[in-house]
Amino acid sequence: MTTRRYLVWFGVFGLSVLLSLWLTTGLGSVQSASSAQTDLFDAVWETVNENFYDANFNGVDWSAAGTQYRQQVAQASTQPQKIDLINQMLSELNTSHTHLFTANEPAYYQLLGIFYPRSQDLHSQLEETFPEGKIEYTGIGIVIQQKSKKTFVKAIFDGSPAAATDLKVGDEILSIEGQPFKHIESFAGKADQSVSLQVQPSLNPASQTEITVTPRIYDGLTMFLEAMEESVDIVEKAGKQIGYVHIWSYAGDQYQDSLEAALMFGRLKDTDALVLDLREGWGGAPPTALHIFTAEGPSVTNVGRDRPPFTYHSQWNKPVVLLINEGSRSAKEILAYGFKRYNIGPVVGTTTAGAVTAGRAFIMPDKSLLYVAVGDVYVDETVRLEGIGVTPDVEVPFQVEYAQGTDPQKERAIAIALQALNSDEAPDTEPNIEQ
Numbered sequence: 006m007t008t009r010r011y012l013v014w015f016g017v018f019g020l021s022v023l024l025s026l027w028l029t030t031g032l033g034s035v036q037s038a039s040s041a042q043t044d045l046f047d048a049v050w051e052t053v054n055e056n057f058y059d060a061n062f063n064g065v066d067w068s069a070a071g072t073q074y075r076q077q078v079a080q081a082s083t084q085p086q087k088i089d090l091i092n093q094m095l096s097e098l099n100t101s102h103t104h105l106f107t108a109n110e111p112a113y114y115q116l117l118g119i120f121y122p123r124s125q126d127l128h129s130q131l132e133e134t135f136p137e138g139k140i141e142y143t144g145i146g147i148v149i150q151q152k153s154k155k156t157f158v159k160a161i162f163d164g165s166p167a168a169a170t171d172l173k174v175g176d177e178i179l180s181i182e183g184q185p186f187k188h189i190e191s192f193a194g195k196a197d198q199s200v201s202l203q204v205q206p207s208l209n210p211a212s213q214t215e216i217t218v219t220p221r222i223y224d225g226l227t228m229f230l231e232a233m234e235e236s237v238d239i240v241e242k243a244g245k246q247i248g249y250v251h252i253w254s255y256a257g258d259q260y261q262d263s264l265e266a267a268l269m270f271g272r273l274k275d276t277d278a279l280v281l282d283l284r285e286g287w288g289g290a291p292p293t294a295l296h297i298f299t300a301e302g303p304s305v306t307n308v309g310r311d312r313p314p315f316t317y318h319s320q321w322n323k324p325v326v327l328l329i330n331e332g333s334r335s336a337k338e339i340l341a342y343g344f345k346r347y348n349i350g351p352v353v354g355t356t357t358a359g360a361v362t363a364g365r366a367f368i369m370p371d372k373s374l375l376y377v378a379v380g381d382v383y384v385d386e387t388v389r390l391e392g393i394g395v396t397p398d399v400e401v402p403f404q405v406e407y408a409q410g411t412d413p414q415k416e417r418a419i420a421i422a423l424q425a426l427n428s429d430e431a432p433d434t435e436p437n438i439e440q
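Under our numbering, think of the first position of the sequence shown as 6, with each following residue one higher.
1) If the criterion is Cβ atoms closer than 8 angstroms, does the pair E273 and L327 meet it?
2) So what does DSSP say about D126, is it helix, strand or coil?
3) Can you pull the DSSP bridge partners for N307?
4) With distances taken from CA atoms, which of G164, A232 and L172 is nearest Q409?
5) Can you give me the start and stop residues for the alpha helix (DSSP H) that I349 sits inside?
6) Between the alpha carbons of S39 and K372, how many angstroms are there, rounded?
7) Assign L117 to buried or exposed, taking buried as 16 or more other Cβ atoms, counted over all protein chains shown, within 10 Å of its Cβ.
8) List the whole-angstrom C-beta distance separating D381 from Y58, where the pair is believed to meet the contact cut-off of C-beta under 8 angstroms.
9) Please confirm whether Q125 has its beta-carbon closer than 8 angstroms to some beta-carbon of chain B.
10) What are the start and end residues of the beta strand (DSSP E) that includes S263?
11) May I ask you to list the residues that DSSP assigns as paired with V200?
12) Who does T362 pair with in a DSSP beta bridge?
13) In the DSSP assignment, find the alpha helix (DSSP H) that holds G164 and state where it starts and stops.
14) Exposed or buried, what is D311 when buried is set at 16 or more other beta-carbons lying within 10 Å of its beta-carbon?
15) Mapping DSSP to helix, strand and coil, what is L172?
16) Under three-state DSSP, which class holds G194?
17) According to DSSP, is G33 helix, strand or coil?
18) Helix, strand or coil, according to DSSP, for V53 in the structure here?
19) Among I119, Q198 and G175, which residue has its Cα nearest to the Cα of T143?
20) Which whole-angstrom value is the C-beta distance of V377 and G364, which I expect to be below 8 angstroms?
21) Beta-carbon separation of G146 and P166 under 8 angstroms?
22) On a Cα-Cα basis, can you pick out the residue from A48, L426, L45 and D47 that is closest to G244?
23) Within 8 angstroms, do at least three Cβ pairs link the stretch 300-310 to the stretch 239-254?
24) How far does the alpha helix (DSSP H) with I297 in it reach, from first residue to last?
25) Three-state secondary structure (DSSP) at Y58?
26) To the nearest angstrom, how far is it from the Cα of I247 to the Cα of Y383?
27) Tell me, please, which residues DSSP counts as bridged to H102.
28) Taking the alpha-carbon positions, what's the D412 to Q404 distance?
29) Helix, strand or coil for L390 per DSSP?
30) Short check: CB of E215 to CB of S201, under 8 angstroms?
31) For Q86, count neighbouring C-beta atoms within 10 Å of its own C-beta (all shown protein chains included) and say buried if the count is 16 or more, exposed if not.
32) In whole angstroms, what is the alpha-carbon distance linking K323 and G332?
33) Can you tell me whether G309 is buried or exposed? The criterion is at least 16 other CB atoms within 10 Å of its CB, across all chains shown.
34) Name the residue from Y223, L179 and K159 whose alpha carbon lies nearest to the alpha carbon of A196.
35) Using beta-carbon positions only, say whether L131 and F120 come within less than 8 angstroms of one another.
36) Roughly how many angstroms separate the alpha carbons of A81 and I91, rounded to a whole number?
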């Protein structure tokens, strides 16, 4: 990887990683000034105070907020209550990439999986927590959505234990082994053991059923590449082949390399069109990720003595449809903006998260992870997506609750790809790049 690409890659979601490389002294000073006995609240408040990108704290009186919430946290009787209050304070900044994550959340391990390989500070700070250098947790590979105090399956990682069962997107999770569902604690110590989930697939309580699933150990360093490669699929429709790939995280060259390999000489090489799914997960994509769809270059044909000619194309010149939703965040939103800006192909789904700042990870005294927005981000120098997001060309609402495994957004994207193949010109989805 060239130095130039390295710098570009870290320019969006990964800016936080680059900053932690540039500012190792600053990160170290935060930790050296905070002994193991330092109050978590004070460590969080001080870190935000010193590093938040806006000196005016987005209009919030940060000192007053500290005084108010410090008293509330001091009166809280449990650690989860303290964490909730701290995150309530952070939410007043009304800025993405600003949150305190604990080891009881998959996001803790997933974010560390992104930052850990590129920061010696994290290696030293987490040496006792992850002595083998693996950022591991036990789970079944799902994304959940909380609504009206109920827990629903919002997405299922490709190739996951959940994907191998009858569990479906939209199922309400009632309990696990007779106890309330907890994303980390419910599966801790149960890798490779059968556990029982009680779920309700529809509004009718009579639909309640028991599903047996076998949790596995996930490594935050590798899990999203594995899920992406497992997602590669070919959908046969009306005599055409529609390729599909779901990029759960884009934070690293390995994801773009895998995509290009699949499109240029892998399983998707001979497909007629592509649906590129950027829903859920994490950002991190470089703007150069779009070059495979926009850049021009010659094809190269290799003619051997005893084998048929092979032609390598460095671009994807066939129809492509982009899938987004409110779980598409950070640099994925910039890619969605680019799809519309350069008329690469239709963008389908729902408006993205509007979470486009540059974040940096800080380890707190209790080893929790504080994510802080340390930089504002503009696209094309003047377009700010933070708090706004990117609207799709084709709006397809998706109510997750009790969806029973249906995916209207994906189905519509496939239909639009097929429409593009069956017409002389692209579908009538005139892009609107104004946000």
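The beta carbon of each residue, even a glycine, is placed where N, CA and C say it ideally should be.
Concretely, from the data shown:
1) The residue labelled residue 273 in the question sits at position 268 within the sequence shown. The residue labelled residue 327 in the question sits at position 322 within the sequence shown. Note that residue 273 is Leu in the sequence shown, not Glu. No; because the gap between Cβ atoms is not below 8 angstroms, this pair is not in contact.
2) Along the sequence shown, one-based indexing puts residue 126 at 121. The answer is helix: DSSP assigns D126 an H, G or I state.
3) Taking the first residue of the sequence shown as position 1, residue 307 is located at position 302. DSSP output for N307 lists F315 as bridge partner(s).
4) In the sequence shown, counting from the first residue as 1, residue 409 sits at position 404. Measuring from the Cα of Q409, the nearest candidate turns out to be L172.
5) Numbered from its first residue, the sequence shown carries residue 349 at position 344. Run containing I349: none; DSSP gives neither H nor E here.
6) Taking the sequence shown and counting its residues from 1, one reaches residue 39 at position 34. Taking the sequence shown and counting its residues from 1, one reaches residue 372 at position 367. With a pLDDT of only 37 at S39, under 50, the local geometry of the prediction cannot be trusted, and no value is derived from it.
7) Here residue 117 is taken as the residue at index 112 of the sequence shown, counted from 1. Under this definition L117 is a buried residue.
8) Here residue 381 refers to the residue found at position 376 when the sequence shown is read from its first residue. Here residue 58 refers to the residue found at position 53 when the sequence shown is read from its first residue. Right, the Cβ-Cβ distance comes to about 5 angstroms (below 8 angstroms), so this counts as a contact.
9) Reference to chain B is not applicable here, since this structure consists of a single protein chain.
10) On the sequence shown, position 258 is the one that residue 263 refers to. Element bounds for S263: not the beta strand (DSSP E) but the alpha helix (DSSP H), D258 to M269.
11) To locate residue 200, count along the sequence shown from 1; it is residue 195. Note: V200 sits in a beta bridge opposite V218.
12) As a position in the sequence shown, residue 362 is number 357, starting the count at 1. Looking at the DSSP assignment, T362 forms a beta bridge with D381.
13) Position 159 of the sequence shown holds residue 164. Element bounds for G164: n/a, residue is neither H nor E.
14) By 1-based counting over the sequence shown, the position of residue 311 is 306. D311 is exposed by the Cβ-count criterion.
15) By one-based count along the sequence shown, residue 172 stands at place 167. DSSP places L172 in coil when its eight states are reduced to three.
16) Residue numbering aside, residue 194 sits at position 189 when the sequence shown is read from its first letter. DSSP places G194 in coil when its eight states are reduced to three.
17) Indexing the sequence shown from 1 puts residue 33 at position 28. Low confidence applies to G33: its pLDDT is 38, below 50, so where it sits in the model is not reliable, and the reading given next is rough at best. In this structure, G33 counts as helix in the three-state DSSP scheme.
18) Mapped onto the sequence shown, residue 53 falls at position 48. Three-state DSSP puts V53 in a helix.
19) For this step, residue 143 is matched to residue 138 along the sequence shown. That would be Q198, whose Cα lies nearest to the Cα of T143.
20) Here residue 377 refers to the residue found at position 372 when the sequence shown is read from its first residue. Here residue 364 refers to the residue found at position 359 when the sequence shown is read from its first residue. The Cβ separation is near 6 angstroms, so the contact holds.
21) Here residue 146 corresponds to residue number 141 of the sequence shown, with the count starting at 1. Here residue 166 corresponds to residue number 161 of the sequence shown, with the count starting at 1. Yes.
22) As a position in the sequence shown, residue 244 is number 239, starting the count at 1. Ranking the options by Cα distance to G244, first place goes to L426.
23) no
24) Mapped onto the sequence shown, residue 297 falls at position 292. Here the alpha helix (DSSP H) through I297 covers H296 to T299.
25) Numbered from 1 along the sequence shown, position 53 holds the residue referred to as residue 58. It is coil, neither helix nor strand.
26) Counting from 1 along the sequence shown, the entry for residue 247 is found at position 242. Counting from 1 along the sequence shown, the entry for residue 383 is found at position 378. Going from the Cα of I247 to the Cα of Y383 covers about 34 angstroms.
27) Sequence index remark: in the sequence shown, residue 102 carries index 97 (1-based). DSSP, once it has assigned bridges, lists no residue as partnering H102.
28) For the purposes of this step, residue 412 is identified with residue 407 of the sequence shown, where counting begins at 1. For the purposes of this step, residue 404 is identified with residue 399 of the sequence shown, where counting begins at 1. One C-alpha to the other measures close to 10 angstroms.
29) Position 385 of the sequence shown, counted from the first residue, corresponds to residue 390. Note: L390 maps to coil in three-state DSSP.
30) The sequence position of residue 215 within the sequence shown is 210, counting from 1. The sequence position of residue 201 within the sequence shown is 196, counting from 1. Cβ atoms of E215 and S201: closer than 8 angstroms.
31) Walking along the sequence shown from the start, residue 86 turns up at place 81. Exposed, since its Cβ has fewer than 16 Cβ neighbours within 10 Å.
32) Translated into the one-based positions of the sequence shown, residue 323 becomes position 318. Translated into the one-based positions of the sequence shown, residue 332 becomes position 327. Taking the straight line joining both Cα atoms gives about 26 angstroms.
33) In the sequence shown, residue 309 corresponds to position 304, counting from 1. G309 should be labelled exposed.
34) Translated into the one-based positions of the sequence shown, residue 196 becomes position 191. Taking only the C-alpha atoms, the option nearest A196 is Y223.
35) As a working mapping, residue 131 is identified with position 126 in the sequence shown. As a working mapping, residue 120 is identified with position 115 in the sequence shown. Not closer than 8 angstroms, so no.
36) Here residue 81 corresponds to residue number 76 of the sequence shown, with the count starting at 1. Here residue 91 corresponds to residue number 86 of the sequence shown, with the count starting at 1. Going from the Cα of A81 to the Cα of I91 covers about 11 angstroms.
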